[in-house]
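K.L.:
Can you read through this structure? Questions will come right after.
In our numbering, the protein residues as written are 75 to 326.
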């Protein structure tokens with residue numbers, strides 16, 4: 075039985091004080107909510123405070139990125155060792171914004187995935203096509219390449235620990251979203267790739283989130299699909315009363 079995971083990616087938003095306030099509110103709102111794993115990707119400056127704020131709750135904290143090395147001369151970077159020390163549980167890797175603005179390759183993202191697993195962090199591996207790729211009929215091809223290269227060299231036992239987040243780049247922050255049927259079709263294609271790589275049993279265990287502008291209005295319909303196992307939520311996660319509606323849509 076694979077987990078339903080609703081994760082909020084706050085991106086470059088919220089100070090430490092704002093993080094504490096929002097998480098304190100979310101902690102109260104999620105009290106008693108069952109059947110869904112709740113994750114918040116807070117900014118680096120607020121991670122330690124975030125971990126402390128959600129102690130004793132059913133909310134876990136994610137970093138939004140990390141370097142694959144444990145230490146070294148990598149100015150401005152943060153290592154998995156540093157994240158583990160402060161109690162971070164998840165790490166978002168390969169987000170489309172990291173790929174586009176910071177030129178991260180599939181190979182580099184693969185290094186990060188392996189490093190996260192080696193340090194008992196749960197990677198949320200983001201994949202997804204741009205608008206021009208979708209319009210050219212290359213959605214399946216682009217996603218397969220990102221999955222195969224991003225998860226290269228993993229065993230089936232390692233692969234089931236990875237969360238895959240399908241985020242159609244054309245639907246991020248645009249207000250556009252794939253129809254539930256479109257999203258389900260793509261999620262099924264991704265699961266078929268995972269099955270080819272790691273076997274059907276492992277593929278059936280891997281959580282595949284939808285990350286294309288999921289919000290309070292469309293979450294229930296999207297999450298009703300067989301192969302959509304949660305969401306990686308952007309703007310709708312910044313406000314606790316709004317985000318709890320998405321979370322409750324995923325509760326089983």
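Built from N, CA and C at the ideal position, the CB exists for glycine as well.
#1: When the Cα of residue 274 is compared with those of 233, 290, 77, 169, which residue comes out closest?
#2: Need the endpoints of the beta strand (DSSP E) that residue 135 sits in, please.
#3: According to the Cβ coordinates, are residue 324 and residue 114 closer than 8 Å?
#4: Any contact of the stretch 76-90 with the stretch 286-305, i.e. 3+ C-beta pairs under 8 Å?
#5: Buried or exposed for residue 155, please, with buried defined as at least 16 other CB atoms from any protein chain shown within 10 angstroms of its CB.
#6: Classify residue 111 as buried or exposed, calling it buried when 16 or more other Cβ atoms lie within 10 Å of its own Cβ.
#7: Determine contact between the stretch 172-183 and the stretch 143-155, defined as no fewer than three beta-carbon pairs at a distance below 8 Å.
#8: If the criterion is Cβ atoms closer than 8 Å, does the pair residue 195 and residue 158 meet it?
#9: Quick one: using the 10 Å Cβ neighbour count with 16 as the cut-off for buried, is residue 241 buried or exposed?
#10: Curious, which full-length beta strand (DSSP E) runs of at least 3 residues does the stretch 168-233 contain?
#11: To the nearest angstrom, report how far apart residue 97 and residue 285 are at their CA atoms.
#12: Once DSSP output is grouped into helix, strand and coil, what is the label at residue 79?
#13: I need the straight-line Cα distance from residue 122 to residue 269, nearest angstrom please.
P.N.:
Per the coordinate set shown:
#1: In the chain shown, counting from the first residue as 1, residue 274 sits at position 200. Minimum Cα distance to residue 274 is reached at 233.
#2: Numbered from 1 along the chain shown, position 61 holds the residue referred to as residue 135. 133-137 is the extent of the beta strand (DSSP E) around residue 135.
#3: As a first step, residue 324 is located in the chain shown; it is residue number 250 there, counting from the start. As a first step, residue 114 is located in the chain shown; it is residue number 40 there, counting from the start. No, they are not a contact pair.
#4: yes
#5: In the chain shown, counting from the first residue as 1, residue 155 sits at position 81. Burial call: exposed.
#6: Locating residue 111 in the chain shown gives position 37, counting from the first residue. Looking at its Cβ environment, which holds 16 or more other Cβ atoms inside 10 Å, residue 111 is buried.
#7: no
#8: Position 121 of the chain shown, counted from the start, is the residue given in the question as residue 195. Position 84 of the chain shown, counted from the start, is the residue given in the question as residue 158. Yes, these two residues count as a Cβ contact at 8 Å.
#9: For the purposes of this step, residue 241 is taken as residue 167 along the chain shown, with counting starting at 1. The residue is buried, with at least 16 neighbouring Cβ atoms inside 10 Å.
#10: 196-201
#11: Against the chain shown, residue 97 aligns to sequence position 23. Against the chain shown, residue 285 aligns to sequence position 211. Cα to Cα, the separation comes out at about 21 Å.
#12: Taking the chain shown and counting its residues from 1, one reaches residue 79 at position 5. Looking at residue 79 - three-state DSSP - the assignment turns out to be strand.
#13: The residue labelled residue 122 in the question sits at position 48 within the chain shown. The residue labelled residue 269 in the question sits at position 195 within the chain shown. When rounded, the distance between both Cα atoms is 37 Å.
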